[in-house]
Every structure is written in structure tokens, then in C-alpha cells.
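These notes are about the structure you will find just below.
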Amino acid sequence: MYELDCAGVIPGCRRVIRAESEAEVVRRAVVQARQFGVEHISPGMLDAMRTKMREQVDERRSATFA
Numbered sequence: 312m313y314e315l316d317c318a319g320v321i322p323g324c325r326r327v328i329r330a331e332s333e334a335e336v337v338r339r340a341v342v343q344a345r346q347f348g349v350e351h352i353s354p355g356m357l358d359a360m361r362t363k364m365r366e367q368v369d370e371r372r373s374a375t376f377a
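For the working numbering, count along the sequence shown from 1 and bump the result up by 311.
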């Protein structure tokens, strides 16, 4: 599971986006940015999305394999 806290990446956004893949997080973030009036997603904004994205470890799955 991956997550992105939009604060600091998309002006005015306070949402945390979660998805199973990095690509899906970015896709959802682009949709969110457009909802906040961002018409052009710059390479810098995409880089910020990727940099601030974090992989979340499923604690239940980790405990099973320990």
C-alpha cells in the first residue's frame, strides 16, 4: 500500500491518498489536483508527488511471516 499526503504538493489539499500501487496514487493525485483547479501538472509537481509518497507496510502480513 502506498500513500501520499497532498498537503505541500497540491495547493489547498488536505487529503491523504492511498492505493495499492505508486501509479494509482499518482493518478488519484492528478485527479485531486484538477479538482483544486490545477490545470497543468508540471514535472516538478509529479516529482514532489513521487518524493513525498510512502510505502505503508501491512502489519498483519508482516506478523504472519515473522
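No residue lacks a Cβ here, since even glycine has one placed at the ideal position from N, Cα and C.
Since this is a predicted model, take the numbers as computed values, not measurements.
Whether Val336 touches Ala344 by CB criterion (9 angstroms): Cβ atoms of Val336 and Ala344: not closer than 9 angstroms.
Secondary structure of Ala318, DSSP reduced to three states: Three-state DSSP puts Ala318 in coil, outside helix and strand.
Close-in-space but distant-in-sequence residues of the same chain around Arg365 (CB under 8 angstroms, 5 per side omitted): The answer, listed in chain order, is Tyr313, Glu314 and Leu315.
Reference Pro322; option with closest CA among Gly348, Ser353, Leu357 and Arg361: Nearest Cα to Pro322 within the set Gly348, Ser353, Leu357 and Arg361: Gly348.
Boundaries of the beta strand (DSSP E) in which Arg329 is found, first to last residue: Arg329 -> beta strand (DSSP E) spans Val327 to Ala330.
Close Cβ partners of Asp369 (< 6 angstroms) along its chain, the five nearest in sequence each way excluded: Listed in chain order, the non-local C-beta contacts of Asp369 below 6 angstroms within the same chain number zero, local neighbours out to five positions each way being set aside.
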